[in-house]
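Shown next, in structure tokens, is the structure this report addresses.
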Amino acid sequence: MNRYQCADCHKTFIHPAIRVTNNVSIGMNTAPIMSSFEAHACPFCQSLNLEEFVESKPNVVDVVSVDFTEVPNHYNRGYRVHAIYAKEVIMTLTKKEESS
Ligand SMILES: [Zn+2]
């Protein structure tokens, strides 16, 4: 599935919003011409400046299954929540890629 990334607010999303722009052209001797233009827009900031987002494979170095009470503890150590189940939380630790 394609993901998009907004070039302005840098959020990623799967379903872009649709921004519709209506233009009315009025000529001297013709009836007004309505044209509407649909464009994909960022659902967060409405920017039209979208890029396709290619997810880089996360470099998972550790996966743990912890109790809910352990989540903040692991979070502070760099773990991020991957999945939440009724009685446990799966958290992963990924190695930060050098980003330019
Ligand atoms: Zn945006």
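Sequence positions in the sequence shown follow our numbering and run 1 to 100. Glycine residues also receive a C-beta, built at the ideal position from the N, C-alpha and C atoms.
Enumerate in chain order the residues of its own chain whose CB-to-CB distance from residue i is below 6 Å, with the five nearest sequence positions on each side excluded.
i: Y79; result: M91, L93
i: R3; result: T12, I14, F53
DSSP on residue i, reduced to helix/strand/coil?
i: V60; result: strand
i: T12; result: strand
i: Y75; result: helix
i: T30; result: coil
i: F44; result: coil
i: E51; result: strand
i: E38; result: strand
Keeping to the same chain, check which residues put their C-beta closer than 8 Å to that of residue i; ignore five residues upstream and five downstream.
i: C9; result: C42, F44, C45, S47
What residue from the options has the CA that sits closest to residue i's CA?
i: L50; options: N59, K95, F13, E88; result: F13
i: R19; options: M34, I33, A39, A7; result: A39
i: F37; options: R3, N29, V24, T30; result: V24
i: N60; options: E70, V66, D67, H82; result: The sequence given here has Val at residue 60, not Asn. Nearest of E70, V66, D67, H82 to V60, Cα basis: H82.
i: T21; options: N73, C6, T69, M34; result: M34
i: A86; options: T69, V63, A31; result: T69
In chain order, what residues of the same chain have a beta carbon less than 7 Å from the beta carbon of residue i, not counting five sequence neighbours either side?
i: S100; result: Any reading at S100 must be qualified, since the residue scores a pLDDT of 49, below 50, and its modelled position is unreliable; the value itself is stated next. Same-chain partners within the cutoff: there are none.
i: K95; result: N59, V61
i: D67; result: E88
Return the bridge partner residues of residue i from the DSSP annotation.
i: Y4; result: F13, E52
i: A86; result: DSSP lists no partner for A86.
Task: Below 6 Å from a heavy atom of ligand 1 - residues by beta-carbon - done: Spelled out in chain order, the answer is C6, D8, C9, K11, C42, F44, C45, S47.
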